[in-house]
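K.L.:
Numbering (my numbering), first residue to last: 49 to 340.
My structure is below; once you've seen it, I'll send some questions.
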Amino acid sequence: MNRDNAACETTDRRTFLRTAGAVVALTVLPVRAEEAPVRIGLTPVFLDDQMSFLSQWRRWLEVKLGRTVVFVQRGSYREVMDLLRAGKLDFAWVCGYPYVLHRQELKLVAVPLWRGGPYYQSYLIVPADDTRTTTLVDLRGKVFAYSDPDSNSGYLYPRYLLTTQGENPANFFSRSFFTWAHRKVVEAVGIALADGGAVDGYVWETLAESHPDLTRATRVIERSPPLGYPPFVARADIQTAELARFRTVLLEMVADPQGMDLLHRLRLDGFTPGQPELFDEIARMAARVRNP
Numbered sequence: 049m050n051r052d053n054a055a056c057e058t059t060d061r062r063t064f065l066r067t068a069g070a071v072v073a074l075t076v077l078p079v080r081a082e083e084a085p086v087r088i089g090l091t092p093v094f095l096d097d098q099m100s101f102l103s104q105w106r107r108w109l110e111v112k113l114g115r116t117v118v119f120v121q122r123g124s125y126r127e128v129m130d131l132l133r134a135g136k137l138d139f140a141w142v143c144g145y146p147y148v149l150h151r152q153e154l155k156l157v158a159v160p161l162w163r164g165g166p167y168y169q170s171y172l173i174v175p176a177d178d179t180r181t182t183t184l185v186d187l188r189g190k191v192f193a194y195s196d197p198d199s200n201s202g203y204l205y206p207r208y209l210l211t212t213q214g215e216n217p218a219n220f221f222s223r224s225f226f227t228w229a230h231r232k233v234v235e236a237v238g239i240a241l242a243d244g245g246a247v248d249g250y251v252w253e254t255l256a257e258s259h260p261d262l263t264r265a266t267r268v269i270e271r272s273p274p275l276g277y278p279p280f281v282a283r284a285d286i287q288t289a290e291l292a293r294f295r296t297v298l299l300e301m302v303a304d305p306q307g308m309d310l311l312h313r314l315r316l317d318g319f320t321p322g323q324p325e326l327f328d329e330i331a332r333m334a335a336r337v338r339n340p
C-alpha cells in the first residue's frame, strides 16, 4: 500500500507515518555516516553500462549493510591485491590465481555461481578465419594475447598447459602481450592483432550474448577443466562480524528483487560461501608452472 492510499484510509496521517517509519527501520539498515565506509576493490567491469551498474549496486549494498560503500577500481589484479594486503581495502573481487598465491593473507567471503555452479573455464581462442589451428601447440612462434599476469584463465592456464606438454612458455610464442581486460583479448584476436589468446570463458559467453559480433570474430579451440570462479575475499584482519554481514548480504541477493536484477545483469545465479579447496586445482597449476 502506498502512502497516498494510506492517507485516505487513516484519520491521523502523522500516526501512520510514524508507524510506517518504524516498520521500515526493522527491515532496512540506515546508512551511518559516522562509520568508516566499506571499501570494495574491483578490476574494470566489462559491462557497457558499468558506471550505471556500479552506482546501483553500491546503493543497494549501502541499504543492506547500513554503511557507506566505496568501490575502488584499478586496472590490474595486482593493484587491487596490493591495496587489500596493505589494509586499504576491506573486500575485493579477485581472480582465483592471486587468491591462492596470497591465501594466508586473505579470508574467503563468497564465490559467485555461474550456470548453476561455482566454476568457470579458460577459453583459448583464435581468429574465426583461422581454420587450421586446433590446439595451443599449433600457435608456436605466433603472437599471443594474455589478459593479466595475475589472471588464472587469461595467463596461468595457457602457461600451465604448455608446461605440461614440455614447452617453455617464456619463449614458445614469437611475441606476447597483455591487454589488461578479457574483453580486449577477444577484440585483439578478433581483428588478428594476435594469432591467439586466453580469455575468461564467462566473459566470452557473456559477450556472445551481448556483443555477438565480437565473439563471432573468434573461435574457441580449447577449454580448460572447470576451475574455481573468481571469489570475493577480505583482508586477513577484517572483523568477524563485518565479514559475516557482507557474506550474508551477497548470499541473500537472490532473495531480493533488486539484488536478483543486479545478478541478472552480471549473468550470475547468486553466491555460495565456497570453500578454499575449490581453488586447489589452481594452486596445483601455479606450483607446476613455478617448478616445471
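Note that beta-carbon positions come from the ideal geometry of N, C-alpha and C, so glycine has one too.
None of the values given here were measured: they were computed from a predicted structure.
1) Using the C-alpha atoms, what's the distance from Gly-135 back to Leu-156?
2) Pick out whichever of Arg-295, Asp-196, Thr-288 and Ala-282 has its Cα sitting closest to the Cα of Lys-112.
3) How is the beta strand (DSSP E) around Pro-321 delimited, first residue to last?
4) Would you check if the distance between the CB atom of Tyr-168 and the CB atom of Ser-124 is smaller than 8 Å?
5) Enumerate in chain order the residues of its own chain whose CB-to-CB distance from Trp-108 is below 7 Å, with the five nearest sequence positions on each side excluded.
6) Just to confirm before moving on: does the CB-CB distance between Val-142 and Gly-322 stay below 8 Å?
7) Which term fits Arg-338, buried or exposed, when burial requires 16 or more other beta carbons within 10 angstroms of its beta carbon?
8) Here's the rule I'm using: 16 or more other beta-carbon atoms within 10 Å means buried, otherwise exposed. How should Ser-224 be labelled?
9) Give the straight-line distance between the Cα atoms of Thr-116 and Val-251, rounded to the nearest whole angstrom.
10) Just to confirm before moving on: does the CB-CB distance between Ala-176 and Ala-265 stay below 8 Å?
11) Would Leu-172 pass as a contact of Leu-184 if the rule is Cβ separation under 8 Å?
12) Can you pull the DSSP bridge partners for Leu-137?
13) Whole angstroms are fine: how far does the CA of Leu-299 sit from the CA of Thr-320?
P.N.:
According to the structure data:
1) Answer to the nearest angstrom: the Cα atoms are 16 Å apart.
2) Of Arg-295, Asp-196, Thr-288 and Ala-282, the residue nearest in Cα terms is Arg-295.
3) Looking at the DSSP string, Pro-321 is not in any beta strand (DSSP E), and its letter there is neither H nor E.
4) No. Outside cutoff.
5) Its chain contains Gln-306, Gly-307 and Leu-310 as the residues whose beta carbon lies nearer than 7 Å to that of Trp-108, once the 5 sequence neighbours on both sides are disregarded; these appear in chain order.
6) The answer is no: Cβ separation not under 8 Å.
7) Around the beta carbon of Arg-338, fewer than 16 other beta carbons sit within 10 angstroms, so the residue counts as exposed.
8) Buried is the call here.
9) In this model, Thr-116 and Val-251 are separated by some 29 Å (Cα to Cα).
10) Judged by their CB atoms, Ala-176 and Ala-265 are nearer to each other than the 8 Å cut-off.
11) Taking 8 Å as the Cβ cut-off, Leu-172 and Leu-184 qualify as a contacting pair.
12) Note: Leu-137 sits in no beta bridge, so no partner.
13) Between the alpha carbons of Thr-320 and Leu-299 lies a distance of about 6 Å.
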